[in-house]
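Quick note: the sequence shown, position 44, residue 75 per the working numbering, numbers continuous. Positions of the beta carbon are idealized from the N, C-alpha and C atoms, including for glycine.
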Amino acid sequence: MSDQKIKWLILLIPTLTIGLWEYIRHAFLLPYLSMDLGNFLAPFIVLAVTLTLVLGLFRRLEQSQKALRGQQAATAALEERESLARELHDGIAQSLFLLAVKLDQLDRAAKDDAVRELAGQLRETVRVIHDDVRQAIANLQQPPSPAGDAWVVPLRELLGDTAGVIEAKAEFRWSIPESSLTGKEKVELHACLREALINVRKHARASEVLVVGETVDGGGFRCSVEDNGVGFVGDPMKAKDRFGLKMVRERAGKMGWTFAAERRGERTVVELRKAGAGA
Numbered sequence: 032m033s034d035q036k037i038k039w040l041i042l043l044i045p046t047l048t049i050g051l052w053e054y055i056r057h058a059f060l061l062p063y064l065s066m067d068l069g070n071f072l073a074p075f076i077v078l079a080v081t082l083t084l085v086l087g088l089f090r091r092l093e094q095s096q097k098a099l100r101g102q103q104a105a106t107a108a109l110e111e112r113e114s115l116a117r118e119l120h121d122g123i124a125q126s127l128f129l130l131a132v133k134l135d136q137l138d139r140a141a142k143d144d145a146v147r148e149l150a151g152q153l154r155e156t157v158r159v160i161h162d163d164v165r166q167a168i169a170n171l172q173q174p175p176s177p178a179g180d181a182w183v184v185p186l187r188e189l190l191g192d193t194a195g196v197i198e199a200k201a202e203f204r205w206s207i208p209e210s211s212l213t214g215k216e217k218v219e220l221h222a223c224l225r226e227a228l229i230n231v232r233k234h235a236r237a238s239e240v241l242v243v244g245e246t247v248d249g250g251g252f253r254c255s256v257e258d259n260g261v262g263f264v265g266d267p268m269k270a271k272d273r274f275g276l277k278m279v280r281e282r283a284g285k286m287g288w289t290f291a292a293e294r295r296g297e298r299t300v301v302e303l304r305k306a307g308a309g310a
């Protein structure tokens, strides 16, 4: 039943109820009920019908509106990802391509071997950055599915890919029910954990990588990416080349989550935590 029909029923049911009551009273009950008694019973009859029928319609309308708001939030998040993907493609990706062409020209024109070697190193750096940007664009254009637990699969696959690249042991522990997360939370969690895994692949030189997703009391959760690599030197938030972690912190802040990136014993931990109700 559409929302429009539900709204019309909510408006019409009380009116139809009082009209039907008046008809029955005058046609069949007038010899048995006085006018005063009939008038006294009318509001109670309308109240009874309202409690049994109209409240049910209100619940259905609220559920429909809630589902619509969730869909709108998910759509807005996906549109934002598409917009960011286009900006990356039209801006950074194109600039990196042109830079690679210029470096090829420099390599061909240079007569000094040292210049050629430097151009080759720069070209390789540009290639790696360009691959990362293209992968980011691909992930933005194909966000995780919000249906069921399918959205978790890309995280598990990314962990496997990361472990394969750095030849590390991978472990995936995930116990957060899909139903406890909104579509927006799934999108943001995926983006944050993906960035943390890419950071492990680029910098950690780890032999073990662990992704954890678990619930906490009150309906919250804790998610982390942990590794036994080289760790951070100083405060990672102040490092000039740690833009990814800064973006993760900003995303977490906008969602109302706490963020931590620190060394805990022999492990480096990047953690996101949503406090449960009453915490």
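Shortest alpha-carbon distance to residue i belongs to which of the options?
i: Ile-160; options: Gln-136, Ile-123, Lys-133; result: Ile-123
i: Glu-257; options: Ser-126, Leu-68, Gln-94, Ala-201; result: Ala-201
i: Arg-186; options: Val-85, Ile-44, Val-240; result: Note that residue 186 is Leu in the sequence shown here, rather than Arg. With distances taken between Cα atoms, Leu-186 lies closest to Val-240.
i: Arg-204; options: Glu-245, Asp-67, Leu-212, Leu-99; result: Glu-245
i: Asp-34; options: Ala-98, Pro-62, Val-261, Val-184; result: Ala-98
i: Gln-125; options: Ala-237, Arg-165, Val-261; result: Arg-165
i: Ala-104; options: Thr-299, Leu-212, Gly-275; result: Leu-212
i: Leu-84; options: Leu-47, Gln-152, Glu-198; result: Leu-47
i: Phe-89; options: Glu-53, Leu-224, Ser-255, Ile-44; result: Ile-44
i: Phe-71; options: Glu-53, Phe-59, Leu-86; result: Glu-53
i: Ser-210; options: Glu-188, Glu-198, Val-183; result: Val-183
i: Ala-111; options: Gly-296, Lys-215, Glu-281, Leu-228; result: Rather than Ala, the amino acid found at residue 111 in this sequence is Glu. Nearest of Gly-296, Lys-215, Glu-281, Leu-228 to Glu-111, Cα basis: Lys-215.
i: Ile-49; options: Phe-75, Val-146, Val-247, Ala-145; result: Phe-75
i: Ile-41; options: Tyr-63, Asp-67, Gly-69, Leu-86; result: Leu-86
i: Gly-296; options: Val-279, Leu-60, Phe-263, Asp-67; result: Phe-263
i: Arg-91; options: Ile-197, Arg-236, Lys-36; result: Lys-36
i: Cys-223; options: Glu-113, Ser-65, Leu-61, Met-278; result: Met-278
i: His-234; options: Leu-127, Ile-197, Gly-101; result: Ile-197
Count the other CB atoms, across all protein chains shown, that sit within 10 Å of the CB of residue i; report buried if there are 16 or more and exposed otherwise.
i: Lys-38; result: exposed
i: Ile-207; result: buried
i: Glu-226; result: buried
i: Arg-294; result: exposed
i: Leu-51; result: exposed
i: Ser-176; result: Bear in mind that a pLDDT of 42 at Ser-176, under 50, signals an unreliable position, so the model cannot answer this.
i: Ala-178; result: Any reading at Ala-178 needs caution, since the residue's pLDDT is 35, under 50, leaving its predicted position unreliable; the model's value is listed next. So Ala-178 counts as exposed.
i: His-57; result: exposed
i: Asn-230; result: buried
i: Ser-238; result: exposed
i: Arg-232; result: buried
i: Arg-139; result: exposed
i: Ala-308; result: exposed
i: Leu-276; result: buried
i: Thr-299; result: buried
i: Leu-189; result: buried
i: Gly-260; result: buried
What are the residues that DSSP puts in a beta bridge with residue i?
i: Gly-251; result: Val-247
i: Lys-305; result: Phe-252
i: Ala-201; result: Val-240
i: Glu-257; result: Leu-241, Val-300
i: Phe-290; result: Leu-303
i: Arg-147; result: DSSP lists no partner for Arg-147.
i: Arg-295; result: Arg-298
Measure from the C-beta of residue i to each C-beta in chain D and report whether the shortest distance is under 8 Å.
i: Glu-219; result: Note that chain D does not occur in the displayed structure, where there is just one protein chain.
Q) Three or more C-beta pairs closer than 8 Å, one from the stretch 293-306 and one from the stretch 239-251: is that the case here? A) Per the Cβ contact rule, the stretch 293-306 is in contact with the stretch 239-251 (3 or more Cβ pairs under 8 Å).
Q.
Taking contact to mean 3 or more Cβ pairs, one atom from each stretch, closer than 8 Å, check whether the stretch 219-236 and the stretch 282-291 are in contact.
A. With contact defined as three or more Cβ pairs closer than 8 Å, the stretch 219-236 and the stretch 282-291 are in contact.
Q | Stretch pair the stretch 71-80 + the stretch 193-211: three plus CB contacts closer than 8 Å | A | The stretch 71-80 vs the stretch 193-211: no contact.
Q. Within the chosen definition, does the stretch 127-134 reach the stretch 147-160 through at least 3 CB pairs nearer than 8 Å?
A. The stretch 127-134, when compared against the stretch 147-160, does touch it at the 8 Å Cβ threshold.
Q | Runs of alpha helix (DSSP H) wholly within the stretch 84-129 (minimum 4 residues, chain order) | A | Counting only unbroken stretches of 4 or more residues, the alpha helix (DSSP H) elements lying wholly within the stretch 84-129 are 86-118, in sequence order.
**Q.** Completely contained alpha helix (DSSP H) runs for the stretch 34-76, where each covers 4 or more residues
**A.** Taking only runs of at least 4 residues, the alpha helix (DSSP H) segments lying wholly in the stretch 34-76 are 34-55.
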